[in-house]
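In this note's numbering, the protein residues as written are 3 to 82.
C-beta atoms are modelled at their ideal positions from N, C-alpha and C, and glycine is treated no differently.
Only one structure is covered here, and it is reproduced in the block below.
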């Protein structure tokens, strides 16, 4: 049989990088929108900070939503 290709540590690292990449992508999107609109440096920084806050909020929401589809330990044991 073939086992998993990633160890638990590698899976955790990949998950952390994916989460940071998601938040970073939303943050850069906010900054680029401010640049495209012709904002000053302060507005671009505010767009970056606001995008980071929005990205973290979206990540929190998506992770909570996704957890509803994962089996809990009680369901996996057949107690529910």
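Span of the alpha helix (DSSP H) around residue i
| i | result |
| --- | --- |
| residue 46 | 43–69 |
| residue 7 | From DSSP, residue 7 is part of no alpha helix (DSSP H); its letter is neither H nor E. |
Neighbour-count burial assignment, residue i, 16 or more Cβ in a 10 Å radius
| i | result |
| --- | --- |
| residue 39 | exposed |
| residue 5 | exposed |
| residue 64 | exposed |
| residue 77 | Any reading at residue 77 must be qualified, since the residue scores a pLDDT of 47, below 50, and its modelled position is unreliable; the value itself is stated next. Exposed, by the Cβ-count rule. |
| residue 33 | buried |
Beta carbon of residue i nearer than 7 Å to that of residue j
| i | j | result |
| --- | --- | --- |
| residue 52 | residue 31 | no |
| residue 50 | residue 28 | no |
Beta-carbon proximity list for residue i, same chain, < 7 Å, skipping 5 on both sides
| i | result |
| --- | --- |
| residue 21 | 61 |
| residue 81 | Interpretation of residue 81 is limited by its pLDDT of 46, a score under 50 that renders its predicted location unreliable; no figure is taken from the coordinates. |
| residue 37 | 46 |
| residue 9 | none |
| residue 79 | For residue 79, the pLDDT reaches just 47, beneath the cut-off of 50, and the residue's location in the model is therefore unreliable, although a value from the coordinates is still provided. Closer than 7 Å at the Cβ level, and outside the excluded window around residue 79, lies no residue. |
Cβ-based neighbour list, residue i, same chain, cut-off 6 Å, excluding 5 preceding and 5 following
| i | result |
| --- | --- |
| residue 26 | none |
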